[in-house]
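Numbered per our numbering, the sequence shown spans residues 8 to 344.
This report refers to the structure that appears directly beneath it.
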Amino acid sequence: MQNQIIVLDGPDAVGKTTLAKKIQEKVPNTRYLHLTYRWKDKIFDYHTAAIHLAAKWSKLSNVIIDRWWPSEACYATTYRRTSAWPLQGRFCDRVALKHGVVYINCLPDHNTIERHKLMKEMRVEMYDNIDKLCDLYTDLYYGNPEHEDKGNYIDQLILSGGMQQIPYCLPYTIEKWGAHLDQFVDLIMHVGKTHRECQWKTALDPDDHNILGHKHFAHRLFVGEIVNPKYKGVFWPFYEYNNSSLYLTQALHNLWLNERECAFTNVKDKDGKVDLRYVEEAQRNEIDIIAMGNVAADTMQKHKIEPDGIIKHPSYYKRFLNGEGFKQIENDIQEVL
(Lines of atoms letter the chains of each structure in order from A and count residues from 1; the text may use other names and numbers.)
(Lines give C-alpha, C1' and ligand atoms only; values in the text may rest on other atoms or scores of the structure.)
Protein backbone atom coordinates (compact mmCIF):
# COMPACT_ATOMS: atom_id res chain seq x y z
CA MET A 1 0.00 0.00 0.00
CA GLN A 2 1.18 3.52 -0.77
CA ASN A 3 2.52 5.66 2.06
CA GLN A 4 0.61 8.52 3.67
CA ILE A 5 0.20 12.02 2.24
CA ILE A 6 -0.63 14.61 4.92
CA VAL A 7 -1.78 18.15 4.13
CA LEU A 8 -1.22 20.79 6.82
CA ASP A 9 -3.09 24.03 6.28
CA GLY A 10 -4.04 27.07 8.33
CA PRO A 11 -3.07 30.70 8.98
CA ASP A 12 0.32 31.77 10.30
CA ALA A 13 1.25 31.19 13.95
CA VAL A 14 -0.83 28.04 14.45
CA GLY A 15 1.99 25.51 14.75
CA LYS A 16 2.22 23.95 11.28
CA THR A 17 6.02 23.93 11.19
CA THR A 18 6.33 22.47 14.69
CA LEU A 19 3.79 19.77 13.87
CA ALA A 20 5.55 18.93 10.60
CA LYS A 21 8.87 18.53 12.41
CA LYS A 22 7.26 16.26 15.02
CA ILE A 23 5.75 14.07 12.29
CA GLN A 24 9.16 13.75 10.63
CA GLU A 25 10.77 12.99 13.98
CA LYS A 26 8.22 10.35 14.97
CA VAL A 27 7.45 8.78 11.58
CA PRO A 28 10.60 7.57 9.80
CA ASN A 29 11.06 8.31 6.12
CA THR A 30 8.76 11.33 5.82
CA ARG A 31 9.45 13.98 3.20
CA TYR A 32 8.38 17.61 3.49
CA LEU A 33 7.01 19.82 0.71
CA HIS A 34 6.35 23.49 1.55
CA LEU A 35 4.25 25.54 -0.88
CA THR A 36 4.45 29.32 -1.02
CA TYR A 37 2.63 32.06 -2.90
CA ARG A 38 4.82 31.76 -5.94
CA TRP A 39 3.76 31.59 -9.57
CA LYS A 40 0.68 33.49 -8.45
CA ASP A 41 -0.70 33.45 -11.99
CA LYS A 42 -0.38 29.67 -12.14
CA ILE A 43 -1.53 28.55 -8.70
CA PHE A 44 -3.75 25.78 -10.08
CA ASP A 45 -0.85 24.33 -12.07
CA TYR A 46 1.54 24.77 -9.13
CA HIS A 47 -0.77 22.93 -6.74
CA THR A 48 -1.39 20.23 -9.35
CA ALA A 49 2.35 19.69 -9.70
CA ALA A 50 2.67 19.52 -5.91
CA ILE A 51 0.14 16.72 -5.40
CA HIS A 52 1.48 14.88 -8.45
CA LEU A 53 4.99 15.02 -6.98
CA ALA A 54 3.75 14.04 -3.52
CA ALA A 55 1.94 11.04 -4.99
CA LYS A 56 5.13 9.89 -6.73
CA TRP A 57 7.11 10.36 -3.50
CA SER A 58 4.50 8.34 -1.61
CA LYS A 59 5.69 5.20 -3.37
CA LEU A 60 8.74 5.23 -1.10
CA SER A 61 7.96 7.61 1.76
CA ASN A 62 5.30 9.46 3.69
CA VAL A 63 4.81 13.04 2.51
CA ILE A 64 3.82 16.27 4.27
CA ILE A 65 2.42 19.10 2.13
CA ASP A 66 2.59 22.36 4.08
CA ARG A 67 -0.14 24.54 2.53
CA TRP A 68 -2.28 23.53 -0.45
CA TRP A 69 -5.57 24.58 -2.04
CA PRO A 70 -7.21 25.78 1.24
CA SER A 71 -4.48 28.43 1.51
CA GLU A 72 -5.25 29.78 -1.96
CA ALA A 73 -8.98 29.85 -1.20
CA CYS A 74 -8.69 31.42 2.25
CA TYR A 75 -5.93 33.94 1.58
CA ALA A 76 -7.44 35.00 -1.75
CA THR A 77 -10.85 35.50 -0.14
CA THR A 78 -9.37 37.51 2.74
CA TYR A 79 -6.74 39.63 1.03
CA ARG A 80 -7.48 39.56 -2.73
CA ARG A 81 -11.30 39.55 -2.72
CA THR A 82 -11.43 36.29 -4.68
CA SER A 83 -9.38 33.54 -6.30
CA ALA A 84 -8.95 33.14 -10.05
CA TRP A 85 -9.72 29.45 -9.47
CA PRO A 86 -12.77 29.39 -7.18
CA LEU A 87 -13.46 25.70 -7.84
CA GLN A 88 -9.85 24.57 -7.44
CA GLY A 89 -10.69 22.83 -4.18
CA ARG A 90 -13.16 20.51 -5.91
CA PHE A 91 -10.54 19.40 -8.42
CA CYS A 92 -7.86 18.96 -5.77
CA ASP A 93 -10.23 17.05 -3.49
CA ARG A 94 -10.74 14.48 -6.25
CA VAL A 95 -7.04 13.78 -6.34
CA ALA A 96 -6.77 13.86 -2.55
CA LEU A 97 -9.51 11.23 -2.30
CA LYS A 98 -7.76 9.03 -4.86
CA HIS A 99 -4.55 9.03 -2.84
CA GLY A 100 -6.10 8.79 0.63
CA VAL A 101 -4.82 12.21 1.69
CA VAL A 102 -5.42 13.29 5.29
CA TYR A 103 -6.11 16.98 5.96
CA ILE A 104 -4.93 18.61 9.19
CA ASN A 105 -6.74 21.90 9.77
CA CYS A 106 -4.32 23.86 11.94
CA LEU A 107 -6.67 26.30 13.63
CA PRO A 108 -6.25 29.51 15.61
CA ASP A 109 -6.66 29.43 19.38
CA HIS A 110 -6.89 32.16 22.02
CA ASN A 111 -3.20 33.03 21.68
CA THR A 112 -2.77 33.01 17.89
CA ILE A 113 -3.08 36.76 17.32
CA GLU A 114 -0.56 37.60 20.06
CA ARG A 115 1.74 34.85 18.81
CA HIS A 116 1.57 36.34 15.31
CA LYS A 117 2.49 39.79 16.66
CA LEU A 118 5.58 38.32 18.31
CA MET A 119 6.51 36.47 15.13
CA LYS A 120 6.36 39.73 13.17
CA GLU A 121 9.07 41.13 15.43
CA MET A 122 11.31 38.15 14.70
CA ARG A 123 10.75 37.74 10.95
CA VAL A 124 9.01 39.34 7.97
CA GLU A 125 5.37 38.28 7.72
CA MET A 126 3.36 38.79 4.54
CA TYR A 127 0.31 40.21 6.32
CA ASP A 128 0.10 42.48 9.37
CA ASN A 129 -3.42 41.54 10.38
CA ILE A 130 -4.72 37.96 10.32
CA ASP A 131 -7.94 38.37 12.33
CA LYS A 132 -10.32 37.86 9.39
CA LEU A 133 -8.14 35.09 8.01
CA CYS A 134 -8.31 33.25 11.33
CA ASP A 135 -12.08 33.64 11.36
CA LEU A 136 -12.33 32.18 7.86
CA TYR A 137 -10.18 29.15 8.68
CA THR A 138 -12.29 28.57 11.79
CA ASP A 139 -15.47 28.74 9.69
CA LEU A 140 -13.95 26.39 7.12
CA TYR A 141 -13.58 23.71 9.75
CA TYR A 142 -16.61 24.29 11.98
CA GLY A 143 -19.02 25.77 9.43
CA ASN A 144 -21.03 28.98 9.61
CA PRO A 145 -24.64 29.22 8.36
CA GLU A 146 -24.31 33.03 8.14
CA HIS A 147 -21.34 32.87 5.76
CA GLU A 148 -21.68 34.69 2.43
CA ASP A 149 -21.55 32.48 -0.67
CA LYS A 150 -19.15 34.11 -3.15
CA GLY A 151 -18.91 31.11 -5.48
CA ASN A 152 -15.79 29.52 -4.00
CA TYR A 153 -15.70 25.83 -3.09
CA ILE A 154 -14.94 26.76 0.53
CA ASP A 155 -18.19 28.72 0.68
CA GLN A 156 -20.21 25.56 0.10
CA LEU A 157 -18.09 23.66 2.61
CA ILE A 158 -18.66 26.36 5.23
CA LEU A 159 -22.40 26.62 4.56
CA SER A 160 -22.73 22.82 4.61
CA GLY A 161 -21.31 22.48 8.12
CA GLY A 162 -17.56 22.72 7.52
CA MET A 163 -14.75 20.20 7.14
CA GLN A 164 -15.46 18.85 10.62
CA GLN A 165 -17.85 16.45 8.89
CA ILE A 166 -15.05 14.87 6.88
CA PRO A 167 -13.61 11.74 8.56
CA TYR A 168 -10.15 12.22 7.05
CA CYS A 169 -9.86 15.82 8.28
CA LEU A 170 -8.51 16.50 11.77
CA PRO A 171 -8.46 19.77 13.76
CA TYR A 172 -5.22 20.81 15.45
CA THR A 173 -4.58 23.69 17.85
CA ILE A 174 -1.46 24.42 19.88
CA GLU A 175 -3.70 24.97 22.89
CA LYS A 176 -5.14 21.44 22.77
CA TRP A 177 -2.35 19.37 21.24
CA GLY A 178 0.87 21.37 21.71
CA ALA A 179 1.81 19.36 24.80
CA HIS A 180 0.61 16.08 23.27
CA LEU A 181 2.22 16.04 19.85
CA ASP A 182 3.21 12.37 20.00
CA GLN A 183 -0.41 11.34 20.54
CA PHE A 184 -1.64 13.61 17.76
CA VAL A 185 0.85 12.18 15.28
CA ASP A 186 -0.33 8.68 16.23
CA LEU A 187 -3.90 9.83 15.53
CA ILE A 188 -2.94 11.21 12.12
CA MET A 189 -1.29 7.96 11.07
CA HIS A 190 -4.19 5.85 12.35
CA VAL A 191 -6.78 7.92 10.47
CA GLY A 192 -4.62 7.88 7.35
CA LYS A 193 -4.13 4.11 7.45
CA THR A 194 -7.87 3.53 7.78
CA HIS A 195 -8.59 6.01 4.98
CA ARG A 196 -6.21 4.24 2.59
CA GLU A 197 -7.36 0.74 3.56
CA CYS A 198 -10.91 1.67 2.50
CA GLN A 199 -9.78 2.81 -0.96
CA TRP A 200 -9.28 0.66 -4.06
CA LYS A 201 -5.67 -0.47 -3.80
CA THR A 202 -5.02 0.23 -7.47
CA ALA A 203 -6.36 3.78 -7.09
CA LEU A 204 -3.66 4.56 -4.52
CA ASP A 205 -1.00 3.84 -7.14
CA PRO A 206 0.18 7.14 -8.68
CA ASP A 207 0.78 5.29 -11.96
CA ASP A 208 -2.90 4.35 -12.19
CA HIS A 209 -4.43 7.53 -13.57
CA ASN A 210 -7.91 6.49 -14.68
CA ILE A 211 -9.76 7.16 -11.42
CA LEU A 212 -10.45 10.09 -9.14
CA GLY A 213 -12.50 9.78 -5.98
CA HIS A 214 -12.70 7.20 -3.20
CA LYS A 215 -14.40 3.81 -3.01
CA HIS A 216 -15.72 4.27 0.53
CA PHE A 217 -17.38 7.64 -0.03
CA ALA A 218 -18.52 7.50 -3.67
CA HIS A 219 -22.26 7.32 -4.32
CA ARG A 220 -21.91 7.82 -8.05
CA LEU A 221 -19.26 7.29 -10.73
CA PHE A 222 -19.22 9.74 -13.65
CA VAL A 223 -17.86 7.97 -16.74
CA GLY A 224 -16.46 9.78 -19.76
CA GLU A 225 -14.67 8.65 -22.91
CA ILE A 226 -10.93 9.36 -22.82
CA VAL A 227 -8.67 11.89 -21.15
CA ASN A 228 -7.46 14.92 -23.10
CA PRO A 229 -4.23 15.51 -21.16
CA LYS A 230 -3.05 19.04 -20.46
CA TYR A 231 -0.12 18.20 -18.20
CA LYS A 232 2.99 16.12 -18.74
CA GLY A 233 2.59 12.84 -16.88
CA VAL A 234 -0.90 13.64 -15.52
CA PHE A 235 -3.85 11.78 -17.06
CA TRP A 236 -6.58 12.08 -14.44
CA PRO A 237 -10.19 12.08 -15.68
CA PHE A 238 -12.02 15.43 -15.57
CA TYR A 239 -9.08 17.33 -14.14
CA GLU A 240 -8.48 20.57 -16.02
CA TYR A 241 -9.52 24.10 -15.11
CA ASN A 242 -11.03 24.52 -18.56
CA ASN A 243 -13.23 22.87 -21.17
CA SER A 244 -15.42 19.86 -20.29
CA SER A 245 -13.79 19.26 -16.91
CA LEU A 246 -14.55 22.76 -15.66
CA TYR A 247 -18.00 22.74 -17.25
CA LEU A 248 -18.97 19.51 -15.47
CA THR A 249 -17.43 20.70 -12.21
CA GLN A 250 -19.33 23.99 -12.34
CA ALA A 251 -22.57 22.06 -12.88
CA LEU A 252 -21.84 19.78 -9.92
CA HIS A 253 -21.05 22.85 -7.85
CA ASN A 254 -24.26 24.59 -8.89
CA LEU A 255 -26.15 21.48 -7.76
CA TRP A 256 -24.32 21.51 -4.42
CA LEU A 257 -23.21 17.91 -4.91
CA ASN A 258 -20.82 16.67 -2.23
CA GLU A 259 -17.45 16.19 -3.95
CA ARG A 260 -16.43 13.18 -1.88
CA GLU A 261 -19.62 11.38 -2.98
CA CYS A 262 -18.49 11.59 -6.63
CA ALA A 263 -15.88 9.54 -8.48
CA PHE A 264 -14.65 9.89 -12.07
CA THR A 265 -13.23 7.56 -14.73
CA ASN A 266 -13.14 7.08 -18.51
CA VAL A 267 -14.02 4.00 -20.57
CA LYS A 268 -10.62 4.27 -22.27
CA ASP A 269 -7.22 4.78 -20.70
CA LYS A 270 -4.77 7.43 -21.84
CA ASP A 271 -3.59 5.15 -24.68
CA GLY A 272 -7.08 4.57 -26.04
CA LYS A 273 -7.50 1.03 -24.71
CA VAL A 274 -10.82 0.07 -23.15
CA ASP A 275 -10.51 0.27 -19.36
CA LEU A 276 -13.65 -0.61 -17.42
CA ARG A 277 -12.00 -1.68 -14.16
CA TYR A 278 -13.55 1.04 -12.06
CA VAL A 279 -16.92 0.77 -13.79
CA GLU A 280 -16.92 -2.90 -12.80
CA GLU A 281 -15.77 -2.01 -9.29
CA ALA A 282 -18.58 0.52 -9.00
CA GLN A 283 -21.06 -2.12 -10.10
CA ARG A 284 -19.77 -4.54 -7.46
CA ASN A 285 -19.87 -1.86 -4.76
CA GLU A 286 -23.37 -0.62 -5.67
CA ILE A 287 -22.10 2.79 -6.76
CA ASP A 288 -24.39 4.39 -9.34
CA ILE A 289 -22.80 4.54 -12.80
CA ILE A 290 -23.53 7.64 -14.90
CA ALA A 291 -22.41 7.39 -18.52
CA MET A 292 -21.62 10.73 -20.14
CA GLY A 293 -21.93 10.52 -23.91
CA ASN A 294 -22.63 7.81 -26.47
CA VAL A 295 -19.10 6.40 -26.49
CA ALA A 296 -19.16 5.78 -22.74
CA ALA A 297 -22.66 4.27 -22.81
CA ASP A 298 -22.04 2.12 -25.90
CA THR A 299 -18.70 0.82 -24.60
CA MET A 300 -20.24 -0.25 -21.30
CA GLN A 301 -23.26 -1.85 -22.94
CA LYS A 302 -21.02 -3.72 -25.37
CA HIS A 303 -19.38 -5.26 -22.29
CA LYS A 304 -22.73 -6.16 -20.70
CA ILE A 305 -22.70 -3.26 -18.24
CA GLU A 306 -25.87 -1.21 -18.05
CA PRO A 307 -25.32 2.29 -16.62
CA ASP A 308 -27.72 3.56 -13.99
CA GLY A 309 -28.08 6.79 -15.92
CA ILE A 310 -27.01 8.28 -19.26
CA ILE A 311 -26.49 11.95 -20.07
CA LYS A 312 -24.71 13.67 -22.92
CA HIS A 313 -21.02 14.39 -22.64
CA PRO A 314 -20.27 17.77 -20.99
CA SER A 315 -18.69 18.94 -24.25
CA TYR A 316 -22.09 18.66 -25.97
CA TYR A 317 -23.79 21.00 -23.51
CA LYS A 318 -20.89 23.43 -23.73
CA ARG A 319 -20.58 23.49 -27.52
CA PHE A 320 -24.14 23.23 -28.76
CA LEU A 321 -26.49 24.60 -26.12
CA ASN A 322 -24.73 27.91 -25.48
CA GLY A 323 -26.36 29.80 -22.59
CA GLU A 324 -28.86 27.01 -21.94
CA GLY A 325 -26.14 24.40 -21.47
CA PHE A 326 -25.70 24.73 -17.72
CA LYS A 327 -29.42 24.57 -17.06
CA GLN A 328 -29.77 21.47 -19.24
CA ILE A 329 -26.78 19.53 -17.85
CA GLU A 330 -27.90 20.31 -14.31
CA ASN A 331 -31.42 19.08 -15.09
CA ASP A 332 -30.06 15.93 -16.76
CA ILE A 333 -27.75 15.16 -13.83
CA GLN A 334 -30.58 15.65 -11.36
CA GLU A 335 -32.77 13.23 -13.31
CA VAL A 336 -30.21 10.40 -13.13
CA LEU A 337 -29.21 10.88 -9.49
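A virtual CB, placed ideally from N, CA and C, is assigned to each residue, including glycine.
Model, not experiment: these values are computed from the prediction.
Anyone know if the C-beta pair for residue i and residue j falls short of 8 Å?
i           : j           : result
residue 281 : residue 232 : no
residue 99  : residue 17  : no
residue 34  : residue 196 : yes
residue 38  : residue 14  : no
residue 312 : residue 343 : no
residue 242 : residue 229 : no
residue 143 : residue 180 : no
residue 150 : residue 165 : yes
residue 258 : residue 336 : yes
residue 115 : residue 148 : no
residue 299 : residue 283 : no
residue 206 : residue 330 : no
residue 192 : residue 317 : no
residue 213 : residue 277 : no
residue 68  : residue 136 : no
residue 74  : residue 42  : yes
Can you say whether residue i is buried or exposed, counting buried as having 16 or more other CB atoms within 10 angstroms of its CB?
i           : result
residue 238 : exposed
residue 327 : exposed
residue 347 : No statement about residue 347 is possible, as the shown extent of the chain runs from 8 to 344 and does not include it.
residue 79  : buried
residue 275 : buried
residue 187 : exposed
residue 324 : buried
residue 202 : buried
residue 46  : exposed
residue 291 : exposed
residue 279 : exposed
residue 240 : exposed
residue 162 : buried
Would you kindly work out how many angstroms separate the C-alpha atoms of residue i and residue j, rounded to a whole number?
i           : j           : result
residue 176 : residue 111 : 6 Å
residue 314 : residue 105 : 22 Å
residue 194 : residue 184 : 11 Å
residue 208 : residue 8   : 7 Å
residue 321 : residue 251 : 5 Å
residue 81  : residue 288 : 36 Å
residue 293 : residue 182 : 43 Å
residue 90  : residue 223 : 31 Å
residue 333 : residue 198 : 38 Å
residue 95  : residue 341 : 23 Å
residue 271 : residue 265 : 13 Å
residue 220 : residue 255 : 15 Å
residue 65  : residue 260 : 30 Å
residue 339 : residue 51  : 29 Å
residue 273 : residue 20  : 43 Å
residue 352 : residue 296 : The structure shown does not extend to residue 352, since the chain spans only 8 to 344, so no value can be given for it.
residue 159 : residue 93  : 4 Å
residue 263 : residue 247 : 20 Å
residue 77  : residue 190 : 25 Å
residue 319 : residue 141 : 43 Å
residue 109 : residue 146 : 19 Å
residue 267 : residue 32  : 31 Å
residue 118 : residue 139 : 15 Å
residue 103 : residue 167 : 20 Å
residue 249 : residue 234 : 13 Å
residue 12  : residue 44  : 21 Å
residue 153 : residue 49  : 32 Å
residue 156 : residue 101 : 22 Å
residue 55  : residue 40  : 13 Å
residue 97  : residue 215 : 20 Å
residue 53  : residue 210 : 23 Å
residue 83  : residue 269 : 26 Å
residue 304 : residue 218 : 17 Å
residue 204 : residue 227 : 20 Å
residue 309 : residue 253 : 29 Å
residue 200 : residue 22  : 23 Å
Return yes when the C-beta of residue i is under 7 Å from any heavy atom of the ligand ZN, and no when it is not.
i           : result
residue 269 : The model depicted lacks the ligand ZN and carries no ligand whatsoever.
Can you give, in chain order, each stretch of the alpha helix (DSSP H) that sits fully within the segment 211–273 and has at least 4 residues? Segments of the alpha helix (DSSP H) lying fully in the segment 211–273: 250–261.
Would you list, in sequence order, the uninterrupted beta strand (DSSP E) runs of no fewer than 3 residues that lie entirely inside the segment 37–87? 37–41, 69–73
Fully enclosed by the segment 291–338, which beta strand (DSSP E) runs are 3 residues long or longer? 295–299, 316–318
The segment 18–30 in contact with the segment 56–64 per 3-pair CB rule at 8 Å: Too few Cβ pairs lie closer than 8 Å, so no.
Would you list, in sequence order, the uninterrupted alpha helix (DSSP H) runs of no fewer than 4 residues that lie entirely inside the segment 116–195? Counting whole runs of 4 or more residues, the segment 116–195 contains the alpha helix (DSSP H) stretches 119–129, 138–149, 160–166, 181–184.
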